[in-house]
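A.B. asks: Could you have a look at this structure, given as structure tokens, before my questions?
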Amino acid sequence: MPNYPYLPEGRTFLFVPESHPFMQEAQRARAERAGDPIWPNGAVLVKDGKVIASAGNGYNRGSHLIHICPRIVHECPSGEGYDLCGLHNNPGHAEQMVIDVAHEAGIETEGADLYMYGHWWCCQPCWDKMIEAGIRNVYLPEGADELFTREKVHAPYLEPSIKKAYVHIGSKDEKLALLISEVCQGIGCEAIFSDFSLDGGDERQYFEQLHRHLSDQEVIIIDVSTVSFDLMSELLVAHRLGKPIVLLSQKDLGVKRFFHDHPSVVYHVEYEDLDQAARMLKNVLIQL
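Here's what the structure looks like:
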């Protein structure tokens, strides 16, 4: 038996083949409803031989949104760091979501079975909710502990795909610039450093050139240690182009809330030293 991180006394998992009809329904829930692009998970509730509710983790949002998981960025072990991620926190797990879906529809869950496809164990808050909801048995696909290891699940989703990154180093920090260049190179991405400046020139021409240049980039990386007109312009143009923006700054620098609330900012890397900055930036970029 696998060494489960958590399993309440008197409870266990049951297993069925992936081809089992209800497990296929859980697979469908994972494919269509899971909002977690890094570790999608699906669950269905079955009662009296019928599926009574279906849900995916990540609050049923689907996989169309860009989401950078802080647990991946900070390299949290399995089962830890859920509080860091608004998409991965316990109420958004597939087990809890499918119970919520049933209850919101006025469906009684007492005596129902839960079939889950996408993970190999359930955390304590999920078990607590399943027990409270009267869930009878929890079914996983055969060999779930081998199917859904972190390495296997993450592999197809954390394969680097970004090829061009526009970089603005507001502080003109050469060590930081070298670090970003090396991180990008390590994942097969070309770092293209900002060389645009209005500096008394024609404003319209400046924005046209900036627009053309940023349109070729896949992600915008901005050091927000120093605020400038050029930085603000890049944020504006990147947002208009729909480009994801990654912010960089030293921890406790007191970065303005404007940057945190910018709709195109997908992550803010706050680091204590350059080694940490390198690890975190890499873990952000491989999720894009």
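By the numbering used here, the letter at position 112 of the sequence shown is numbered 892, and the numbering carries on one by one without gaps.
Ideal Cβ placement from N, Cα and C applies to all residues, glycine included.
I need the DSSP call for Tyr1047, collapsed to helix, strand or coil.
C.D. replies: Here Tyr1047 sits in strand by DSSP.
A.B. asks: Looking only at its chain, what residues have a beta carbon closer than 7 Å to the beta carbon of Gly872, apart from the 5 residues adjacent to it on each side?
C.D. replies: Cβ within range, chain order: Asn837, Gly838, Tyr839.
A.B. asks: Using only CA atoms, which one of Lys909, Lys943, Ile1001 lies nearest to Val1046?
C.D. replies: Measuring from the Cα of Val1046, the nearest candidate turns out to be Ile1001.
A.B. asks: Any chance the region 986-1006 sits against the region 799-811, with 3 or more Cβ pairs inside 8 Å?
C.D. replies: They do not touch, by the three-pair rule.
A.B. asks: Among all the DSSP beta bridges, which residues are the ones paired with Val999?
C.D. replies: Ala945, per the DSSP bridge assignment.
A.B. asks: Touch check for the region 849-865 and the region 907-916: three-plus C-beta pairs under 8 Å?
C.D. replies: Touching, no, given that fewer than three Cβ pairs across the two stretches are closer than 8 Å.
A.B. asks: Can you tell me whether DSSP reads Lys1062 as helix, strand or coil?
C.D. replies: It is helical.
A.B. asks: Quick one, are the C-beta atoms of Val1064 and Ser1029 less than 9 Å apart?
C.D. replies: Contact: no.
A.B. asks: Helix, strand or coil for Val878? Go by DSSP, reduced to three states.
C.D. replies: Looking at Val878 - three-state DSSP - the assignment turns out to be helix.
A.B. asks: Output needed for Lys1023: all residues of its chain with C-beta closer than 6 Å, excluding positions within five of it in sequence on either side, in chain order.
C.D. replies: So the list reads Ile1000, once near-sequence residues are dropped.
A.B. asks: For chain B, check one thing: does any of its Cβ atoms lie closer than 9 Å to the Cβ of Gly836?
C.D. replies: Here there is only one protein chain, and chain B is not present.
A.B. asks: Below 8 Å, can you find three or more Cβ-Cβ pairs linking the region 893-912 to the region 787-795?
C.D. replies: In short, these stretches touch, since the Cβ pair count reaches three.
A.B. asks: What's the C-alpha gap between Asp1041 and Leu1015?
C.D. replies: For Asp1041 and Leu1015, the distance between alpha carbons rounds to 12 Å.
A.B. asks: Mind pulling the alpha helix (DSSP H) runs of 4 or more residues that sit fully within the region 825-858?
C.D. replies: Whole alpha helix (DSSP H) segments, 4+ residues: 850-853.
A.B. asks: Determine the extent of the beta strand (DSSP E) in which Ser759 is found, giving its start and end residues.
C.D. replies: Past the edges of the chain, shown from 781 to 1068, lies residue 759, and the structure says nothing about it.
A.B. asks: Identify every residue that forms a DSSP beta bridge with Phe793.
C.D. replies: Answer by DSSP bridge pairing, in chain order: Val918.
A.B. asks: Considering only residues of the same chain and omitting the five flanking positions on each side of Pro905, which have a CB-CB separation below 6 Å?
C.D. replies: Contacts found: Asn870.
A.B. asks: Less than 8 Å between the CB of Val1026 and some heavy atom of the ligand FMN, yes or no?
C.D. replies: Annotation note on the ligand FMN: not contained in the displayed structure, which lists no ligands.
A.B. asks: Going straight from the alpha carbon of Ser941 to that of Gly891, what length do you get?
C.D. replies: Each residue's Cα considered, the two are about 45 Å apart.
A.B. asks: If the criterion is Cβ atoms closer than 9 Å, does the pair Ala1018 and Leu994 meet it?
C.D. replies: Taking 9 Å as the Cβ cut-off, Ala1018 and Leu994 qualify as a contacting pair.
A.B. asks: Quick one: is Arg851 buried, meaning 16 or more other Cβ sit within 10 Å of its Cβ, or exposed?
C.D. replies: By the neighbour-count rule (16 or more Cβ atoms within 10 Å), Arg851 is buried.
A.B. asks: So, for Asp953: in the same chain, excluding its five sequence neighbours on each side, which residues have a beta-carbon less than 8 Å away from its beta-carbon?
C.D. replies: Only Asp1003, Ser1005 meet the Cβ criterion.
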